[in-house]
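Undergrad: Have a look at the structure that comes next, please.
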Amino acid sequence: MASKTINIIVKIWRQNGPLATGALEEHALKDISTDSSFLEMIDVLNEWLTRKGLEPIAFDHDCREGICGQCGAVVNGTAHGPEKETTLCQLHMRSFKNNDTIVIEPFRSQGFPIIKDLIIDRSGLDRIIQAGGYVSVNTGSPQDGNTILIPQHVAEQAMDAAACIGCGACAAACPNGSPMLFLGAKVSQLALLPQGQLEAKKRAINMVMQMDKDGFGNCGNHRECENVCPKGISIRNIARLNRQYLRAAFTIDH
Amino acid sequence: MSWFIQTCRSSLGKKYIMALTGFMLGGFLLVHAIGNSTIFWGREAFNAYAHHLHSLGIFVPIFEIGLYTIFLIHIVTGVILFLENRKSRGGKYEMETSAGGSTWASKTMPYTGVAILVFILIHLVNFSFPEKTEVKTIADFVTQVLNNPVFTLIYTAGIVLLLLHISHGFWSLLQTLGISHPKYDFPLRVITWALVAFMGFVYLLVVFLLVISQNHLL
């Protein structure tokens, strides 16, 4: 099938630095292949800007396979664009029509300061992980592989939660700028498994405390997050976090 | 007690407070709706119900103070959450579209909350604060107030906003308290909707029947 080309107008967020005021900048792009990915379209725009001696658009990306969680922008008001369960790099220009105007903005939340253009500082999510998103493993001789039995359906649920790539779309889409879906997924993937039980209480409390400290908002159960999550993570994981935290807060003894 | 204060001040703690106080207020709303439905049995039944309530003696002020306290906690926590969340948004998007999930009800929770507070204050001034006597019973107050077109409108609007508020609130409080299970999600959602529908039916019917029947109901 011969590939089609479309002409589009992009309105893209330009911001020189964290403290600078940003604004949308308009560019007309001609003959964009519908087979190209969204990021390739920005590559084309950047080539053109570079050739004209202008500053290219700064944006984050890495694997371009939808698994690393580096890319992400709000496209026409929706985090990661119009396709469900799709990262920005896996969004293709065939999702747009000829003469469409596409508004591209960075993920916004009080916890995600803008570094430049579409690049945001997501280290708030890293600090949440550092606060408790781990299990401590003591070294020693390895135990038998089947000592700890985990039912298949539990392993699957933990894996569904572990699919989170930490892209931050949940906080970007949340009317309250809260990454509760991220937190729910990260707590759930460990809370579901026996290995995660030892530190379960401390984990829930410390991770929530860190989220609050970084200026993220409070979950309002709007459910916007699960609708933009590129990995289709369910708010059932937020409910699990709510249970974990409630139990931990009232029963932790150290 | 420091752990308790720390929990209450955390984001999840504030949500638990909203959920628990919301649950209690919802419980009151249900009892209030059932009590109000005595109106459908006529003037005597309604006045008798009010009389029975007031003959509970010491329990009346205890219950009132408790209810006001719960209201106050719900309002103060709600205002704190509203202000914090507005700050946490970190700037508005030039273009905003819902990806699905948020509803009219969920987006307007703080605003419907304020409107309901105003409505409740009007409601208290109308019925709770005035002295009721043998000559002028609660039934007389109800007929007099709801017969006024301005109040008919205020009560209808107030009840509709209340329904909007609890249509998100009832489900939301279950999610906040972590009550979520694949087996029970759907039945629980249906039950919360049914409760909202029941209350809406009773409260709105009281207003409309009084207006339509030209007060022959009471």
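Going down the list, the sequences are from chains A and B. Numbers in the working numbering are just positions in the first sequence, counted from 1, shifted up by 283. Numbers in the working numbering are just positions in the second sequence, counted from 1, shifted up by 74. Just so you know, even glycine gets a beta-carbon here, dropped at the ideal spot from N, CA and C.
Which partner residues does A44 (chain B) have in the DSSP bridge list?
TA: The first residue shown for chain B is 75 and the last is 292, placing residue 44 (chain B) beyond what the model contains.
Undergrad: Counting along the chain, where does the alpha helix (DSSP H) carrying N110 (chain B) start and finish?
TA: Working through the second sequence from its first residue, we reach residue 110 (chain B) at position 36. Where N110 (chain B) is concerned, the enclosing alpha helix (DSSP H) stretches over 85 to 110.
Undergrad: What's the call for A231 (chain B), buried or exposed, on a 16-neighbour Cβ count within 10 Å?
TA: Taking the first residue of the second sequence as position 1, residue 231 (chain B) is located at position 157. So A231 (chain B) ends up on the exposed side.
Undergrad: Who are T384 (chain A)'s beta bridge partners in DSSP?
TA: Position 101 of the first sequence, counted from the first residue, corresponds to residue 384 (chain A). Partner(s): A:I292.
Undergrad: On the DSSP letters alone, give me the boundaries of the alpha helix (DSSP H) that S129 (chain B) sits inside.
TA: Locating residue 129 (chain B) in the second sequence gives position 55, where the first residue counts as 1. First-last for S129 (chain B): undefined, no H or E at that position.
Undergrad: Given that S76 (chain B) touches chain A, what residues does it touch there, using C-beta distances under 9 Å?
TA: Numbered from 1 along the second sequence, position 2 holds the residue referred to as residue 76 (chain B). Here the premise fails: no neighbours, minimum Cβ distance about 12 Å.
Undergrad: When you compare the CB of G355 (chain A) with every CB in chain B, is at least one pair closer than 8 Å?
TA: Working through the first sequence from its first residue, we reach residue 355 (chain A) at position 72. False, the Cβ-Cβ gap to chain B never drops below 8 Å.
Undergrad: Along the chain, which unbroken stretches of the alpha helix (DSSP H) at least 4 residues long are found entirely within the region 145 to 208 of chain B?
TA: Correct list: 178 to 181, 183 to 197.
Undergrad: Would you mind working out which of A:I521, A:F379, A:N329, A:W331 sits nearest S254 (chain B), comparing C-alpha positions?
TA: Against the second sequence, residue 254 (chain B) aligns to sequence position 180. Per the Cα distances, A:I521.
Undergrad: If you draw a straight line from the alpha carbon of V420 (chain A) to that of Q472 (chain A), how long is it in whole angstroms?
TA: As a first step, residue 420 (chain A) must be located in the first sequence, where it is residue number 137. As a first step, residue 472 (chain A) must be located in the first sequence, where it is residue number 189. Taking the straight line joining both Cα atoms gives about 16 Å.
Undergrad: Taking 8 Å as the threshold (C-beta atoms), are F120 (chain B) and A213 (chain B) in contact?
TA: Looking up residue 213 (chain B) in the second sequence gives position 139. Looking up residue 120 (chain B) in the second sequence gives position 46. In this structure, F120 (chain B) lies closer than 8 Å to A213 (chain B) by Cβ.
Undergrad: Would you tell me roughly how many angstroms separate the C-alpha atoms of L466 (chain A) and G87 (chain B), rounded to the nearest one?
TA: Here residue 466 (chain A) is taken as the residue at index 183 of the first sequence, counted from 1. Here residue 87 (chain B) is taken as the residue at index 13 of the second sequence, counted from 1. Each residue's Cα considered, the two are about 15 Å apart.
Undergrad: Hey, does S569 (chain A) have any beta-carbon neighbour from chain B nearer than 8 Å?
TA: With chain A covering only 284 through 537, there is no way to say anything about residue 569 (chain A).
Undergrad: So with CB distances below 8 Å, who are the chain A contacts of R163 (chain B)?
TA: By one-based count along the second sequence, residue 163 (chain B) stands at place 89. R391, S392, Q393, P458, N459, G460, G500, listed in chain order.
Undergrad: Mind listing the chain B neighbours of N382 (chain A)? Cutoff is C-beta to C-beta under 8 Å, in chain order.
TA: On the first sequence, residue 382 (chain A) is found 99 positions in, with the first residue counted as 1. Near N382 (chain A) there are no residues of chain B at all, since even the closest Cβ is about 17 Å away, more than 8 Å.
Undergrad: What did DSSP end up calling L622 (chain A) once you bin it into helix, strand or coil?
TA: As displayed, chain A neither begins before 284 nor continues past 537, which places residue 622 (chain A) out of reach and without an answer.
Undergrad: Distance, Cα to Cα, L237 (chain B) vs V327 (chain A)?
TA: Looking up residue 237 (chain B) in the second sequence gives position 163. Looking up residue 327 (chain A) in the first sequence gives position 44. Approximately 51 Å, taken between the alpha carbons.
Undergrad: Which of helix, strand or coil does DSSP assign to R334 (chain A)?
TA: Counting from one through the first sequence, the residue named residue 334 (chain A) turns up at place 51. Helix at R334 (chain A).
Undergrad: So for D404 (chain A), helix, strand or coil by DSSP?
TA: As a first step, residue 404 (chain A) must be located in the first sequence, where it is residue number 121. Three-state DSSP puts D404 (chain A) in coil, outside helix and strand.
Undergrad: Helix, strand or coil for K496 (chain A)? Go by DSSP, reduced to three states.
TA: As a working mapping, residue 496 (chain A) is identified with position 213 in the first sequence. Note: K496 (chain A) maps to helix in three-state DSSP.
Undergrad: Sorted by chain position, which residues of the same chain lie with C-beta nearer than 7 Å to F244 (chain B)'s C-beta, five sequence neighbours on each side aside?
TA: Counting from 1 along the second sequence, the entry for residue 244 (chain B) is found at position 170. Here the set comprises G100, T266, L269, V270.
Undergrad: Is N359 (chain A) close to chain B? Criterion is C-beta to C-beta, closer than 8 Å.
TA: Locating residue 359 (chain A) in the first sequence gives position 76, counting from the first residue. Closer than 8 Å: yes.
Undergrad: What first and last residue would you give for the alpha helix (DSSP H) that runs through L307 (chain A)?
TA: On the first sequence, position 24 is the one that residue 307 (chain A) refers to. Careful: L307 (chain A) lies outside any alpha helix (DSSP H), inside the beta strand (DSSP E) at 306 to 316.
Undergrad: Three or more beta-carbon pairs under 8 Å between the region 379 to 399 of chain A and the region 291 to 300 of chain A, yes or no?
TA: Contact between the region 379 to 399 of chain A and the region 291 to 300 of chain A is present, because at least three Cβ pairs lie under 8 Å.
Undergrad: Kindly list the residues whose CB is nearer than 6 Å to the CB of E388 (chain A), restricted to its own chain and excluding five residues on each side of it in sequence; keep chain order.
TA: Taking the first sequence and counting its residues from 1, the one referred to as residue 388 (chain A) is at position 105. Same-chain partners within the cutoff: W296, V357.
Undergrad: Apart from the five residues just before and just after A124 (chain B), which ones in its own chain have a Cβ nearer than 6 Å to its Cβ?
TA: To locate residue 124 (chain B), count along the second sequence from 1; it is residue 50. Closer than 6 Å at Cβ, skipping near neighbours: I212.
Undergrad: Have a look at S246 (chain B) and F260 (chain B) and give me their C-alpha separation to the nearest angstrom.
TA: As a first step, residue 246 (chain B) is located in the second sequence; it is residue number 172 there, counting from the start. As a first step, residue 260 (chain B) is located in the second sequence; it is residue number 186 there, counting from the start. Roughly 14 Å between the two C-alpha positions.
Undergrad: When the distance is taken between beta carbons, is K469 (chain A) closer than 8 Å to C447 (chain A)?
TA: The residue given as residue 447 (chain A) occupies position 164 in the first sequence. The residue given as residue 469 (chain A) occupies position 186 in the first sequence. Contact flag set, yes.
Undergrad: Please tell me whether M98 (chain B) has its Cβ less than 8 Å away from any Cβ of chain A.
TA: Along the second sequence, one-based indexing puts residue 98 (chain B) at 24. Judged by the 8 Å Cβ criterion, M98 (chain B) is not in contact with chain A.
Undergrad: Where does K399 (chain A) sit, in a helix, a strand or coil, going by DSSP?
TA: Position 116 of the first sequence, counted from the first residue, corresponds to residue 399 (chain A). In the structure shown, K399 (chain A) sits in a strand (DSSP, three-state: E or B).
Undergrad: Go to R519 (chain A), then tell me how far its alpha helix (DSSP H) extends in each direction, as first and last residue.
TA: Here residue 519 (chain A) refers to the residue found at position 236 when the first sequence is read from its first residue. 519 to 534 is the span of the alpha helix (DSSP H), which, as asked, contains R519 (chain A).
Undergrad: Leaving out five residues before and five after G503 (chain A) in sequence, what residues of the same chain have Cβ atoms less than 7 Å from its Cβ?
TA: By one-based count along the first sequence, residue 503 (chain A) stands at place 220. If we look at G503 (chain A) and ignore the five residues flanking it on each side, its Cβ neighbours are P458, N459.
Undergrad: Please list, in chain order, all residues of the same chain as T534 (chain A) whose beta carbon is under 8 Å from its beta carbon, the five residues on each side excluded.
TA: For this step, residue 534 (chain A) is matched to residue 251 along the first sequence. Closer than 8 Å at the Cβ level, and outside the excluded window around T534 (chain A), lie K484.
Undergrad: Which chain B residues are close to D495 (chain A), counting only those with a beta carbon under 8 Å from its beta carbon?
TA: Start at 1 with the first residue of the first sequence, and residue 495 (chain A) comes out as number 212. Under the 8 Å cutoff, chain B gives S84, S85.
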